[in-house]
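Remarks on the structure that follows.
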Amino acid sequence: MKKVIHIVGARPNFMKVAPIHRAISARTSLQQLVIHTGQHYDAKMSDVFFADLGLPPPEIHLGIGSGSHAEQTAKMMVEMEKVFLKEKPDLVSVVGDVNSTIAAALVTSKLAIPLSHVEAGLRSFERHQPEEINRVVTDRLSDLLLTPSRDADANLLKEGIDPKHIHLVGNVMIDSLLSSKEKADQLPTLKTLGLTPKGYVVATLHRPSNVDNPKLLAGLLGVLMDVAKQLPVVFPVHPRTRKMISEQGLGPQLEQTPGLKLVDPMGYLEFLSVTSQAKLVMTDSGGLQEETTALNVPCLTMREQTERPITVEVGSNEVVGTDPARIREAATRVLAGDFKKGRVPELWDGRTGERIADLYARFLGVETKRAFG
Numbered sequence: 001m002k003k004v005i006h007i008v009g010a011r012p013n014f015m016k017v018a019p020i021h022r023a024i025s026a027r028t029s030l031q032q033l034v035i036h037t038g039q040h041y042d043a044k045m046s047d048v049f050f051a052d053l054g055l056p057p058p059e060i061h062l063g064i065g066s067g068s069h070a071e072q073t074a075k076m077m078v079e080m081e082k083v084f085l086k087e088k089p090d091l092v093s094v095v096g097d098v099n100s101t102i103a104a105a106l107v108t109s110k111l112a113i114p115l116s117h118v119e120a121g122l123r124s125f126e127r128h129q130p131e132e133i134n135r136v137v138t139d140r141l142s143d144l145l146l147t148p149s150r151d152a153d154a155n156l157l158k159e160g161i162d163p164k165h166i167h168l169v170g171n172v173m174i175d176s177l178l179s180s181k182e183k184a185d186q187l188p189t190l191k192t193l194g195l196t197p198k199g200y201v202v203a204t205l206h207r208p209s210n211v212d213n214p215k216l217l218a219g220l221l222g223v224l225m226d227v228a229k230q231l232p233v234v235f236p237v238h239p240r241t242r243k244m245i246s247e248q249g250l251g252p253q254l255e256q257t258p259g260l261k262l263v264d265p266m267g268y269l270e271f272l273s274v275t276s277q278a279k280l281v282m283t284d285s286g287g288l289q290e291e292t293t294a295l296n297v298p299c300l301t302m303r304e305q306t307e308r309p310i311t312v313e314v315g316s317n318e319v320v321g322t323d324p325a326r327i328r329e330a331a332t333r334v335l336a337g338d339f340k341k342g343r344v345p346e347l348w349d350g351r352t353g354e355r356i357a358d359l360y361a362r363f364l365g366v367e368t369k370r371a372f373g
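The opening position of the sequence shown corresponds to residue 1 in the UniProt record's numbering, with each subsequent residue numbered one higher.
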C-alpha cells in the first residue's frame, strides 16, 4: 500500500492537514501517517487542535520543542531522517512555512523521497524573514507545488519552476473554517467573555519581527490599549508574546487597561467563534488574513508586507504596517464603519482537501474511491 506522511509542527499546520487527511481517508486506499515535530509543544497551542479539527492523534511525535532556528531545524532533520528511513513513505506532504516544513523538505531531498508543498508560491519578498526563506527553499525542493491562488502560480513561474509541477488547488485552511463554523457558532464563548456580536475587536501578535523588538512591541500594544477605549479588545496572548511582555514589564499596564481582555491561546473552534463575529481583526498572522477574507470580516494586518496579497486585492484585508499612528487611524476608520467589503477568492470553496486527495492518488498511481465532482 502506498504511504503518505504528513508533517505538522505549529498551530496553523493542523488546520491545513486535517482536511487533506480526511479527504484521503474517504477517497483513496493510501496509508497515512501524521508526524508532529513538537515545534509548538504547549497543549493550548497544539493538542486541543487535534480534537477541534477531528484530526487523529499523530502516530509519531518527535518532541523537538523550542530552540534557535538552526537548533530546531537540525534536530527535526535528524529525527525525521530516522522515521523516513524506517517508514519508507512514497510521498511526504508539508504545509505552510514553518521550520518543520523546511526540515522535511531538506531531508526528503537527500533521501530522494517525493515532496508535496501545500500552500506553495506565497511570497512576501522580505528575505530577512525566516518564513520567506522556508517558503522559497521548500518550493525549490518540491515535486508537487500546490497553490492557494493564481498570484502564487505567477510567483513560481517567475522563479523558473516547471509549470507541470504547479497545481492550483485553492486554500485548504478554508476547508477547516467552513466545516467548523456551525459548531463554532454554537459555543458560548462570546457570552463567557461578556461580548456581543460585532461589538468587539480581536487582536493577535506573534511574529518575531514584531514581538522581539521592544520598541515596536510597545507601540503595537499601545495601539491595542487605545482601541480598547472604543470597543473591547480580545487579545489571546501567544506564549512568545507573553514572554516578551513580561520581560519588558508591560504586563501590569495591559492588565489594568479597561476593555482590553488578555486571554490564553484558544482552541480552534473557540477562536473561530470569536473571530467570525468580530467587528475588526488586528493581526500579524498570515492565516487570519485568509480566514477573515473568507468570513468577510475587516482585517488590519500589522506588518509591512504580506505573502497573501490576494486577501488585499479581493478580500477585506488591509496592510497597515507597524507605525502606531497609521494603525490607530485605520482602526478608528473601520470602527466608524468605513471599510472595504471583499469577496471570496477563486477555489476557496471548502473542497481543496478533496482536490489534493485526488492529486496525490494520481501522482502515486492509486485509484480514488469516487470521482471528484
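Cβ atoms here follow ideal geometry from the backbone N, Cα and C, with glycine treated the same way. Remember, it's a predicted structure, so these values are computed and weren't measured experimentally.
Subject >> Close beta carbons around residue 2, own chain, < 6 Å, minus the five adjacent residues each side >> reply: Counted from its first residue, the sequence shown places residue 2 at position 2. Same-chain partners within the cutoff: 30, 90, 364, 366.
Subject >> Limits of the unbroken beta strand (DSSP E) element including residue 3 >> reply: Indexing the sequence shown from 1 puts residue 3 at position 3. Looking at the DSSP string, the run of the beta strand (DSSP E) that includes residue 3 is 3–8.
Subject >> Residue(s) in a DSSP beta bridge with residue 236 >> reply: Along the sequence shown, one-based indexing puts residue 236 at 236. Beta-bridge pairing links residue 236 to 263.
**OP:** May I have the straight-line CA-CA distance separating residue 158 from residue 122, to the nearest angstrom?
**Re:** Residue 158 sits at position 158 when you count from the first residue of the sequence shown. Residue 122 sits at position 122 when you count from the first residue of the sequence shown. Those two C-alpha atoms are separated by around 12 Å.
Subject >> For residue 440, three-class secondary structure by DSSP >> reply: Outside the shown range of the chain, which is 1 to 373, sits residue 440, and nothing can be said about it.
Subject >> First through last residue of the beta strand (DSSP E) which encompasses residue 32 >> reply: Locating residue 32 in the sequence shown gives position 32, where the first residue counts as 1. Residue 32 -> beta strand (DSSP E) spans 31–36.
Subject >> For residue 65 and residue 136, the rounded distance between their alpha carbons >> reply: For the purposes of this step, residue 136 is identified with residue 136 of the sequence shown, where counting begins at 1. For the purposes of this step, residue 65 is identified with residue 65 of the sequence shown, where counting begins at 1. Going from the Cα of residue 136 to the Cα of residue 65 covers about 24 Å.
Subject >> Alpha carbon of residue 73 to alpha carbon of residue 342, nearest angstrom >> reply: Residue numbering aside, residue 73 sits at position 73 when the sequence shown is read from its first letter. Residue numbering aside, residue 342 sits at position 342 when the sequence shown is read from its first letter. If I take the Cα positions, the gap works out to 38 Å.
Subject >> Backbone secondary structure at residue 285 - three-state DSSP >> reply: In the sequence shown, residue 285 corresponds to position 285, counting from 1. Residue 285 falls in the coil class under three-state DSSP.
**OP:** Take residue 311 as the anchor and find which of 294, 320, 303 has the nearest alpha-carbon.
**Re:** The residue labelled residue 311 in the question sits at position 311 within the sequence shown. Out of 294, 320, 303, 294 has the C-alpha closest to the C-alpha of residue 311.
Subject >> Collapsed DSSP secondary structure at residue 167 in the structure displayed >> reply: Here residue 167 corresponds to residue number 167 of the sequence shown, with the count starting at 1. Looking at residue 167 - three-state DSSP - the assignment turns out to be strand.
Original post:
residue 144 lies in the beta strand (DSSP E); which residues open and close that run?
Top reply: Position 144 of the sequence shown, counted from the start, is the residue given in the question as residue 144. Unbroken beta strand (DSSP E) run through residue 144: 144–147.
Original post:
Is DSSP giving residue 334 helix, strand or coil here?
Top reply: Mapped onto the sequence shown, residue 334 falls at position 334. Three-state DSSP puts residue 334 in a helix.
**OP:** Return the Cβ separation of residue 380 and residue 287 in integer angstroms, given the expectation that the two are a contact with Cβ distance under 8 Å.
**Re:** What the structure shows of the chain is the stretch from 1 to 373, and residue 380 is not part of that stretch, so it cannot be assessed.
Subject >> Element boundaries [beta strand (DSSP E), containing residue 128] >> reply: Counting from one through the sequence shown, the residue named residue 128 turns up at place 128. Element bounds for residue 128: n/a, residue is neither H nor E.
Subject >> residue 165 versus residue 185: straight-line alpha-carbon distance, rounded >> reply: Counting from 1 along the sequence shown, the entry for residue 165 is found at position 165. Counting from 1 along the sequence shown, the entry for residue 185 is found at position 185. Those two C-alpha atoms are separated by around 39 Å.
Original post:
Hey, would you say residue 213 sits closer than 8 Å to residue 348, going by beta carbons?
Top reply: For this step, residue 213 is matched to residue 213 along the sequence shown. For this step, residue 348 is matched to residue 348 along the sequence shown. Their beta carbons are not under 8 Å apart, which means residue 213 does not touch residue 348 by this criterion.
**OP:** Locate the beta strand (DSSP E) running through residue 318, then write down its first and last residues.
**Re:** Mapped onto the sequence shown, residue 318 falls at position 318. Looking at the DSSP string, the run of the beta strand (DSSP E) that includes residue 318 is 317–319.
Original post:
I think residue 107 touches residue 77, with their Cβ atoms under 8 Å apart; what is that distance to the nearest whole Å?
Top reply: Counted from its first residue, the sequence shown places residue 107 at position 107. Counted from its first residue, the sequence shown places residue 77 at position 77. Yes, they are in contact, since the Cβ atoms of residue 107 and residue 77 sit about 5 Å apart, within 8 Å.
**OP:** Would you kindly work out how many angstroms separate the C-alpha atoms of residue 183 and residue 160, rounded to a whole number?
**Re:** As a first step, residue 183 is located in the sequence shown; it is residue number 183 there, counting from the start. As a first step, residue 160 is located in the sequence shown; it is residue number 160 there, counting from the start. Cα to Cα, residue 183 sits roughly 43 Å from residue 160.
Subject >> Proximity of residue 92 and residue 62 at Cβ, strictly below 8 Å >> reply: The residue labelled residue 92 in the question sits at position 92 within the sequence shown. The residue labelled residue 62 in the question sits at position 62 within the sequence shown. No, these two residues do not count as a Cβ contact at 8 Å.
Subject >> Distance, residue 225 Cα to residue 335 Cα >> reply: Mapped onto the sequence shown, residue 335 falls at position 335. Mapped onto the sequence shown, residue 225 falls at position 225. So the alpha carbons of these two residues sit roughly 15 Å apart.
Original post:
Hey, how far is the Cα of residue 255 from the Cα of residue 197?
Top reply: Within the sequence shown, the letter at position 255 stands for residue 255. Within the sequence shown, the letter at position 197 stands for residue 197. Spanning the two alpha carbons is a distance of roughly 23 Å.
**OP:** Quick one: grab the DSSP three-state call for residue 61.
**Re:** Your numbering for residue 61 matches position 61 in the sequence shown. Here residue 61 sits in strand by DSSP.
Original post:
In or out: residue 362 buried (at least 16 other Cβ within 10 Å) or exposed?
Top reply: The residue you call residue 362 lines up with position 362 of the sequence shown. So residue 362 counts as exposed.
Original post:
Can you find at least 3 beta carbon pairs, one from the region 260–280 and one from the region 217–234, that sit closer than 8 Å?
Top reply: yes
Subject >> Which of helix, strand or coil DSSP assigns to residue 92 >> reply: Taking the sequence shown and counting its residues from 1, one reaches residue 92 at position 92. Note: residue 92 maps to strand in three-state DSSP.
**OP:** Taking 8 Å as the cut-off, decide whether the C-beta atoms of residue 227 and residue 331 are in contact.
**Re:** The sequence position of residue 227 within the sequence shown is 227, counting from 1. The sequence position of residue 331 within the sequence shown is 331, counting from 1. Cβ atoms of residue 227 and residue 331: closer than 8 Å.
**OP:** List the whole-angstrom C-beta distance separating residue 155 from residue 96, where the pair is believed to meet the contact cut-off of C-beta under 8 Å.
**Re:** Counting from 1 along the sequence shown, the entry for residue 155 is found at position 155. Counting from 1 along the sequence shown, the entry for residue 96 is found at position 96. Not quite, the Cβ-Cβ distance comes to about 16 Å (not below 8 Å), so this is no contact.
**OP:** Less than 8 Å between the CB atoms is what I'm expecting for residue 126 and residue 148, so what's the real figure, rounded?
**Re:** The sequence position of residue 126 within the sequence shown is 126, counting from 1. The sequence position of residue 148 within the sequence shown is 148, counting from 1. Not really, about 19 Å apart at Cβ, beyond 8 Å.
Subject >> Residue(s) in a DSSP beta bridge with residue 116 >> reply: Taking the first residue of the sequence shown as position 1, residue 116 is located at position 116. According to DSSP, residue 116 bridges with 93, 144.
**OP:** Please determine if the region 239–255 and the region 19–35 are in contact, where contact requires at least 3 C-beta pairs separated by less than 8 Å.
**Re:** no
Original post:
Using DSSP with H/G/I as helix, E/B as strand and the rest coil, what is residue 138?
Top reply: Counting from one through the sequence shown, the residue named residue 138 turns up at place 138. In this structure, residue 138 counts as helix in the three-state DSSP scheme.
**OP:** Assuming residue 117 and residue 146 form a contact by the criterion Cβ under 8 Å, report the distance between their Cβ atoms to the nearest whole angstrom.
**Re:** For this step, residue 117 is matched to residue 117 along the sequence shown. For this step, residue 146 is matched to residue 146 along the sequence shown. The pair is a contact, with the Cβ atoms about 7 Å apart (cut-off 8 Å).
Original post:
In angstroms, rounded to a whole number, what distance separates the CA positions of residue 351 and residue 55?
Top reply: Within the sequence shown, the letter at position 351 stands for residue 351. Within the sequence shown, the letter at position 55 stands for residue 55. Whole-angstrom Cα-Cα distance: 17 Å.
Subject >> residue 24 vs residue 4 beta-carbon contact at 8 Å >> reply: Sequence index remark: in the sequence shown, residue 24 carries index 24 (1-based). Sequence index remark: in the sequence shown, residue 4 carries index 4 (1-based). Yes. Within cutoff.
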